[in-house]
Each structure stands twice: as structure tokens, then as C-alpha cells.
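Worksheet: the structure to be examined is printed underneath.
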Amino acid sequence: MESLVFFFAKLNVWQKAGILLIEFVFFWSLESAFGVFKTGKYKHAKINLFFWVWTLAINLIFAGLITGASVFVEKYRLGLLYLFELPFYLKIIFSFILTDLIAVYFHHRLAHRIPAFWKLHIVHHSDTRMDFTTSLRHHPLEALIRVGFTVLAVILVGVPTESLVLYQAITFLFSQWIHSDSVLPEFWERTISKIFITPGLHKVHHHKTLPWTDSNYGTVFSFWDRIFGTIRFKSEIEFGVDVLPDSEEREKSPIRLLLLPFRAEKEGYIDKSKSNTNIVAWNPKENIQNS
Numbered sequence: 179m180e181s182l183v184f185f186f187a188k189l190n191v192w193q194k195a196g197i198l199l200i201e202f203v204f205f206w207s208l209e210s211a212f213g214v215f216k217t218g219k220y221k222h223a224k225i226n227l228f229f230w231v232w233t234l235a236i237n238l239i240f241a242g243l244i245t246g247a248s249v250f251v252e253k254y255r256l257g258l259l260y261l262f263e264l265p266f267y268l269k270i271i272f273s274f275i276l277t278d279l280i281a282v283y284f285h286h287r288l289a290h291r292i293p294a295f296w297k298l299h300i301v302h303h304s305d306t307r308m309d310f311t312t313s314l315r316h317h318p319l320e321a322l323i324r325v326g327f328t329v330l331a332v333i334l335v336g337v338p339t340e341s342l343v344l345y346q347a348i349t350f351l352f353s354q355w356i357h358s359d360s361v362l363p364e365f366w367e368r369t370i371s372k373i374f375i376t377p378g379l380h381k382v383h384h385h386k387t388l389p390w391t392d393s394n395y396g397t398v399f400s401f402w403d404r405i406f407g408t409i410r411f412k413s414e415i416e417f418g419v420d421v422l423p424d425s426e427e428r429e430k431s432p433i434r435l436l437l438l439p440f441r442a443e444k445e446g447y448i449d450k451s452k453s454n455t456n457i458v459a460w461n462p463k464e465n466i467q468n469s
């Protein structure tokens, strides 16, 4: 494990860029061969890559803040993990799991609960056809909030820098995979989803109506959703979000999407708390049969 951790920790910027390019080519090829959406991929990707450039800029600008927080907690031995004398591999494992809880699960759940966060997050959910580029479709202000949650996780947990780099690499890869236009064989979907988030589980999260939109918040681990009771299963999925009507014109304009959180009412936005007609009663039998 140490060799894997230090491998990621020692990668320079160009090596990381090379890995990102390989991932991009891999998922593009996979979806082109086996995906449902085979037309309009370039047009769809162009919009989502526009948001990725913004998000990448935010991440690069504040990368020093996240890394600095990790160096700080290591220097002064701050955070939960420094309360115990743990072997290196256990420190890496626990820091990964707990960072995932705070920086991903809790942040994502709050993004659906806090109105101001949801207005930003709705840009991600407004995508009506999901593929791996959807993972890149985040409002830059949401990316900034995510940086804050990552720093919070680093300080509370006491995340070492080596674990931080590994966490970021694996989380990014998982995010692309679970958004990908792919379907696992039923056996593997059932087996893997016991512990990890799969494309099948995350597609449920992108179904356009409640209660499925507010479920399956994880990116890497599914057990947080199981523990906190937010796991949901559904076989028939329609992408998008019901509080925001579909708009071809909006999808043609990245600037219009960028301004969406600030002009949602003009776009026909309905406050999620008032969208009672779209709340469908959760059927526990459906979850039991698919769990």
C-alpha cells in the first residue's frame, strides 16, 4: 500500500495530466462502444468541459490551501487520527474513509438540503443525458464550497498529504465511472454495490423526481447511504430534475447555465420544498428486492 500511496504523491503536474487524458480516452471509448447515447456526444461534452475548466481553475487556485491544511495537521499532530498510534496503512485507510464521509457524503447531502447550495448543485442535475462528462459539470461556486468541505475534513480527521493525493485521484476516477453511460451485469451490480457506489446506483440519484433525487449521495462508498438510510434503488430512470423544466436552448448556452443559479425563477425553477406533486412514496419492497 505504501508504494501505491507514494506513487500518487510523487506525480508531477504533467504526469497527472497524462493520467487524466488516459481516463478521458478510456471512458469516451467505452461509452462510444457500449453506451446508450451514441449521437451528439461532442456537443454534450463541450458544455460539460466548459464547467470543468472553471472547476479545474478553482481547484488549482486553492490546491495550496488543501495541501497546506494537511501539512499543518501533520506538523502539529491535529485531528482525530492523531489521537491514536496507528500503522501507516490503517491511517491511510481511515483517513480515506472519513474524508469521504465529510467531504463527499455530508457535502453532497447538504447540497440537496440547503437552498443556496441546491441552486448551485442544480446545474449538475440539469443534465438530461448522463455520461462520464456529467461528472465534470459543476458550478464553479459549488467547486469552491467543496474545497471548504475538503479542508474541513483534512483538519478534523488529520489527513496526511500522501493520503490526500490518493483520495483525490481515486475519488475523481470513481466520479467519472459512476456517471458513465455504462451498465454492469446484474450480478456484479448487486455485488459491488454492497460496498461501493456503481453507475446503477448513481443513475438513481440522477432520476428527475423525488425521492430518488435525494438519495445515493456517495461517490466511492455506498455504505454511508446504507448507514444513514439514503440508499434507493430504481430500474427505470429519466435524467434531469423536475424542478427545472428541460430546455434545449439552455443546453446550447454554457453562460446561461453558469448564470442559472441566479436566474432560476426565469427558467421556470420551482422550489423543491413546494414540489409536492412530484414526491413519490418510497416503496421499501423495491429496495429490499434490489439490495
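The opening residue of the sequence shown carries number 179 in our numbering; numbering runs sequentially from there. Backbone N, C-alpha and C define an ideal beta-carbon position, used for all residues, glycine too.
If you draw a straight line from the Cα of residue 362 to the Cα of residue 320, it is about 30 Å long.
Judged by DSSP in its simplified three-state form, residue 374 adopts strand. Taking C-beta atoms as the reference points, residue 352 and residue 397 count as a pair closer than 8 Å. If you ignore the 5 residues before and after residue 213, its C-beta comes within less than 7 Å of the C-beta of 309, 359, 360, all in its own chain and listed in chain order. A buried status is given to residue 287, since no fewer than 16 other beta-carbon atoms sit within 10 Å of its beta-carbon. In the structure shown, residue 385 adopts extended strand secondary structure according to DSSP, grouped into three states. The C-alpha of residue 390 lies about 43 Å from the C-alpha of residue 253. Counting C-beta pairs with one atom in each stretch, the region 333-345 and the region 291-308 have fewer than three that are closer than 8 Å, which means they do not touch.
For the pair residue 205 and residue 355, the Cα-to-Cα distance works out to about 8 Å. In its chain, beyond the 5 residues on either side, 381, 385 have a beta carbon closer than 6 Å to the beta carbon of residue 415.
A contact is defined here as three or more CB-CB pairs under 8 Å, and the region 417-436 meets this definition with respect to the region 216-231. DSSP, read as helix, strand or coil, puts residue 295 in helix. Counting only runs of at least 4 residues, the region 266-317 fully encloses the following alpha helix (DSSP H) elements, listed from N- to C-terminal order: 266-277, 285-291, 293-303. DSSP places residue 399 within a strand segment (E or B) once states are collapsed to three.
Here residue 408 is actually not in contact with residue 331; their C-beta atoms are around 19 Å apart, not less than 8 Å.
Separation of residue 346 and residue 317 (C-alpha to C-alpha, rounded to the nearest whole angstrom) is 19 Å.
For residue 343, the enclosing alpha helix (DSSP H) covers residues 339-357.
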